[in-house]
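To keep things clear, I will list the structure first and then write my remarks on it.
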Amino acid sequence: MSNHGGNVSVIGAGIVGIATALNLQRAGYEVTIIDKVPPGEGATLGNAGIIAPSAIVPVMIPGIWKKTPAMLLNPMGPLSLKWSYAMGILPWFFDYLRNSSAKKVTTIASGLSDILSGAIEDHQQLARGASAEQWIKPAPYIYVYQNEADYHQEAFSWNLRKSHGAKFTFLKNGEIQEMDPSISPDYKFALVLEGHGFIPDPLGLVRSLAKDFAGKGGTILHREVTDIEIGADGPESLITPQGSIDIETLVIAAGAWSGKLAARLGSPVPLETERGYHVVLTDPGVAPKYPIMSTKGKFVATPMTMGLRLAGLVEFAGLQAGPNYKRARTLLRHAKRLFPGVRTGEFTEWMGHRPALPDSLPVIDRSPYFSNVYFAFGHQHVGITGGPKTGRLVAEMIQGKKPNIDMKPFSIRRFKN
Ligand SMILES: Cc1cc2nc3c(=O)[nH]c(=O)nc-3n(C[C@H](O)[C@H](O)[C@H](O)COP(=O)(O)OP(=O)(O)OC[C@H]3O[C@@H](n4cnc5c(N)ncnc54)[C@H](O)[C@@H]3O)c2cc1C
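Residue numbers for the sequence shown follow the working numbering, beginning at 16 and rising by one.
What follows is the structure, given as structure tokens:
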């Protein structure tokens, strides 16, 4: 494609960076992606792969603050904190809790709904005409409960989702096991979400998109950006151990690592990482057709090309600490409860960094200080779902087009920098 739009450098080759780069390339820009690891090997690599337009309700919901201390005290529970990291994260955590009131959660859900609605179509559009199309699987998403009362306890969340267009039906008693005989009879109630989907290999998806991008003339550089050189007219070049890279327009899509780069550009943000884990059972002996969310175990089981992936958990321990795979292995126990016949002997394990802001909304914005700088990060638990639309929005902003949604919730200025 001819270069009639100018040059854009994108830091980050996760789903957000790749989607941004492809949208810009299709609009006629010459785009360079810079990443310290190969495309898709950040948080995007190991996620649960769910395309979930209904995932508009943040982790912190009304009343959760009462349960949080007990949850944090259980090192093997779904939410945990590395105690040596506790002091540093306290201010962020208080902000996170402050965002759990019904009013705040309702506002957050509206913002997320604008980013996540139409996610299947956004993915299909991004992948169109390329090998990436094979990875987009429209499918129902099943939430299983042990009983109907447990579902009613989550009425606030489900009503909110419904008010934003989520469509679901229910399965009761044996109907769940008729749908999937491998699910334990202890699960007597399920909710079936329509209009969802999954990606049976999220790394495969990003690799395919990256191949499409490179095949059409895009450049991907395997380098770490250690600093940004700022001249009289704004950012001029990226510093990497292999030399500097001149820039014209810059997009920061560096996932959980975006905080340092944003601060360098005069916009410090309270970006944390909600670390998550997966195990992939490579010989599970059970084969669910659709992704299943166990509301009891707080994990998702997704049928993937490499096996049955069990993904979930939230751990606050920062970007530096190594993984605690004992936590990942708690997923094996939960899987046995959900699928009594599952084989858990052979598995691989992984930890990844969800980029998280305390109000659970991403930053998708132009820099208040530099007109050639844009930000696209902070997609917490829903980056696979919201990545393609984010990429389109950033490309529209760079082209000077007005996005057709209210962008205020995603402003970097909301953090008063
Ligand atoms: C266990 C788990 C399950 C999940 N399940 C789902 C799900 O089912 N559905 C869903 O929608 N979302 C899910 N998510 C969330 C989703 O994975 C993330 O929101 C998404 O991957 C974030 O994408 P990203 O492109 O912003 O970041 P990343 O994929 O992390 O990409 C950022 C890239 O920037 C690069 N980078 C950073 N700093 C620099 C630098 N200085 N120089 C060069 N390169 C740099 C990194 O190397 C990285 O490759 C899950 C996450 C986890 C952890």
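By construction, the Cβ of each residue, glycine as well, lies at the ideal position given by its N, Cα and C atoms.
Reducing DSSP to helix, strand and coil, say where residue i ends up.
| i | result |
| --- | --- |
| H167 | helix |
| A181 | coil |
| R381 | strand |
| I198 | coil |
| V31 | helix |
| G249 | strand |
| L346 | helix |
| G212 | strand |
| D434 | Limits of the chain in this structure are 16 at one end and 432 at the other, which puts residue 434 out of reach. |
| D399 | With the sequence shown as reference, residue 399 is identified as Ile, and Asp is not the correct amino acid for it. Three-state DSSP puts I399 in a helix. |
| H394 | coil |
| V266 | strand |
| V25 | strand |
| D261 | strand |
| P106 | helix |
| L141 | helix |
| S17 | Caution applies to S17, whose pLDDT of 41 falls short of 50 and renders its modelled position unreliable; the model cannot decide the point. |
| D433 | Residue 433 lies beyond the range of the chain shown here (16 to 432); nothing can be said about it. |
Have a look at the DSSP bridge pairing and note the partners of residue i.
| i | result |
| --- | --- |
| W365 | H293 |
| L94 | V329 |
| Y158 | L206, M308 |
| A316 | I307, L325 |
| Y340 | DSSP, once it has assigned bridges, lists no residue as partnering Y340. |
| A371 | E287 |
| V388 | L265 |
| T255 | G258 |
| I65 | F213 |
| I235 | I48 |
| P153 | G212 |
Measuring alpha carbon to alpha carbon, tell me which residue in the options is nearest residue i.
| i | options | result |
| --- | --- | --- |
| G78 | L60, K97, K118 | K118 |
| T288 | E330, T310, D129, L276 | E330 |
| D261 | G274, P283, L236, K404 | L236 |
| A326 | R352, G333, P303, Y292 | Y292 |
| P318 | L39, I65, G21 | I65 |
| P250 | T264, E239, G322, G20 | T264 |
| P338 | K423, V315, R290 | R290 |
| W150 | L141, T405, E411 | L141 |
| R122 | R429, R428, P424, V301 | Note that residue 122 is Thr in the sequence shown, not Arg. Cα-wise, what sits closest to T122 is P424. |
| I243 | K275, A225, A271, P217 | K275 |
| P153 | F109, G212, G180 | G212 |
| E45 | A336, S24, R176 | S24 |
| L218 | W365, L353, R428 | W365 |
| V301 | V409, R324, L186, S252 | R324 |
| K304 | S197, A229, G210 | S197 |
| V74 | A205, V31, N114 | N114 |
| L376 | K182, Y389, Q395 | Q395 |
| F430 | L37, Q414, D380 | D380 |
| R222 | A181, V409, A28, G232 | A28 |
| L127 | V409, R428, T400, Q414 | T400 |
Between the C-alpha atoms of residue i and residue j, what's the straight-line distance to the nearest angstrom?
| i | j | result |
| --- | --- | --- |
| Q452 | R407 | The chain is shown from 16 up to 432; residue 452 falls before or after that span and cannot be answered. |
| S259 | R342 | 40 Å |
| P285 | H368 | 15 Å |
| Y111 | K82 | 14 Å |
| I33 | A67 | 19 Å |
| M16 | G144 | With a pLDDT of only 39 at M16, under the threshold of 50, the placement of this residue in the model should not be trusted, and no figure is reported. |
| I26 | G189 | 50 Å |
| R348 | A225 | 36 Å |
| V207 | P155 | 6 Å |
| P200 | L346 | 19 Å |
| S125 | K177 | 12 Å |
| G322 | F362 | 9 Å |
| I245 | T320 | 45 Å |
| W173 | D165 | 12 Å |
| R8 | E411 | As shown, the chain starts at 16 and ends at 432. That puts residue 8 outside it, with no answer to give. |
| P283 | D298 | 45 Å |
| A473 | D50 | Nothing can be reported for residue 473, as the shown portion of the chain is limited to 16 through 432. |
| P93 | G20 | 46 Å |
| G57 | G393 | 13 Å |
| L88 | A101 | 12 Å |
| N18 | K416 | Only weak support exists for where N18 lies, its pLDDT of 44 falling under 50; the coordinates are left without a value. |
| S116 | F108 | 14 Å |
| P53 | D195 | 37 Å |
| P383 | S426 | 10 Å |
| D137 | A332 | 33 Å |
| A181 | L131 | 11 Å |
| K97 | G55 | 27 Å |
Check the Cβ-Cβ distances between residue i and every residue of chain B, and say whether any is below 9 Å.
| i | result |
| --- | --- |
| R381 | Of the protein chains in the structure, only one exists, and it is not chain B. |
Could you tell me whether any non-hydrogen atom of ligand 2 is closer than 8 Å to the CB of residue i?
| i | result |
| --- | --- |
| I420 | This structure lacks ligand 2; the ligands present are ligand 1. |
Inset, instruction - Could you name the residues whose beta carbon sits closer than 5 Å to any heavy atom belonging to ligand 1, keeping them in chain order? - result: The answer, residue by residue, is G27, G29, I30, V31, D50, K51, V52, G57, A58, T59, N62, A63, I65, E239, V240, A269, G270, W272, G291, A326, G367, R369, H394, V397, G398, I399, T400.
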